Amino acid sequence: MDDYQRLFENNRQWVRDRLQADPDFFKRNARQQTPEFLFIGCSDSRVPANEITGTLPGEMFVHRNIANQVFPNDINVLSVLQYAVEVLDVKHVIVCGHYECGGVKAAAQKQVHYGLVDNWLSEIRTIERLHGRELEAMTDPQARINRLGELNVIHQVYNLTLTPVVRQAWERGRRPVLHGLIYSLENGLLKELVPAVDTPSAADQLLPML
Ligand SMILES: [Zn+2]
23 MDDYQRLFEN NRQWVRDRLQ ADPDFFKRNA RQQTPEFLFI GCSDSRVPAN
73 EITGTLPGEM FVHRNIANQV FPNDINVLSV LQYAVEVLDV KHVIVCGHYE
123 CGGVKAAAQK QVHYGLVDNW LSEIRTIERL HGRELEAMTD PQARINRLGE
173 LNVIHQVYNL TLTPVVRQAW ERGRRPVLHG LIYSLENGLL KELVPAVDTP
223 SAADQLLPML
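Structure below.
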């Protein structure tokens, strides 16, 4: 069986397992989704949102791109955010980076490797410049990349706080609560990088970290 065919075999086995655990699973999921979380993560194949958080289909709305970016002009992430906040009414929006992120590494190397991807990573280069003093003081190159990955997550959470969708929700006294996490490929654990952000003044608390 080749790798592609294996997907269908796995799929049929997964359906059998799910039905055994919960005979109404697909019937219920087909009717509606009521996720409490929006997960904005990296496209990296080693960081699957549902699997690392032990959530099932229907529990997490997901957007992934290289190095978990939240650009104020990216209609893709903004429309996912708007739908999640205004229609699905998610309670939590999570930006989840990961250590050893290839996108962060590529940005830090400053060499043009991939064309369009280099454009995509431009904000990470700005973040690196903003935190130059802290990063240059780190002698271990891997530790420096990992710290840049953490700083990237904090910046993306702050970018979320500036979006009209989040500001308008907060003005109406509504959720979401924003979170910044980082995932370790080495031990599989998630770590919180910032306190929960659910008001403009909580967003301002991030400023000294930027
Ligand atoms: Zn990554």
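First residue of the sequence shown? That's 23 in the numbering used here, and the numbers climb one at a time after it.
No residue lacks a Cβ here, since even glycine has one placed at the ideal position from N, Cα and C.
Since the model is a prediction, treat every value here as computed from it, not as a measurement.
Below 8 Å on the Cβ atoms is my contact criterion, and I expect residue i with residue j to pass it. Report the Cβ-Cβ distance as a whole number of Å.
i, j, result
"valine 179", "glycine 202", "4 Å"
"methionine 82", "asparagine 72", "6 Å"
"alanine 128", "leucine 143", "6 Å"
"glycine 137", "alanine 89", "Their Cβ separation, rounded to whole angstroms, is 16 Å, which puts glycine 137 and alanine 89 out of contact at 8 Å."
Looking at the strands, I want to know which residues DSSP matches up with residue i.
i, result
"leucine 182", "According to DSSP, which records beta bridges pairwise, leucine 182 is partnered with nothing at all."
"asparagine 87", "Cys64"
"tryptophan 212", "Residue 212 is actually leucine in this sequence, not tryptophan. According to DSSP, leucine 212 bridges with Tyr205."
"histidine 114", "Phe59 and Val199"
"glycine 119", "Ile204"
"valine 219", "Leu200"
Along the chain, where does the beta strand (DSSP E) containing residue i start, and where does it finish?
i, result
"glutamate 108", "Segment: none, glutamate 108 is in no beta strand (DSSP E) and carries neither H nor E."
If you measure from the CB of residue i, is any heavy atom of ligand 1 nearer than 8 Å?
i, result
"glutamate 117", "Strictly speaking, residue 117 in this sequence is valine, with glutamate absent from that position. No, ligand 1 has no heavy atom inside 8 Å of this Cβ."
"aspartate 66", "yes"
"valine 216", "no"
"glycine 76", "no"
State the start and end residues of the unbroken alpha helix (DSSP H) segment that holds residue i.
i, result
"leucine 78", "Element bounds for leucine 78: n/a, residue is neither H nor E."
"asparagine 33", "25-43"
"phenylalanine 48", "47-53"
"arginine 141", "The question names arginine, yet the displayed sequence has asparagine at residue 141. Run containing asparagine 141: 138-142, per the alpha helix (DSSP H) assignment."
"lysine 132", "No alpha helix (DSSP H) holds lysine 132; DSSP gives it neither H nor E."
"arginine 155", "154-158"
Out of curiosity, what's the CA-to-CA distance linking residue i and residue j?
i, j, result
"serine 206", "glutamine 55", "29 Å"
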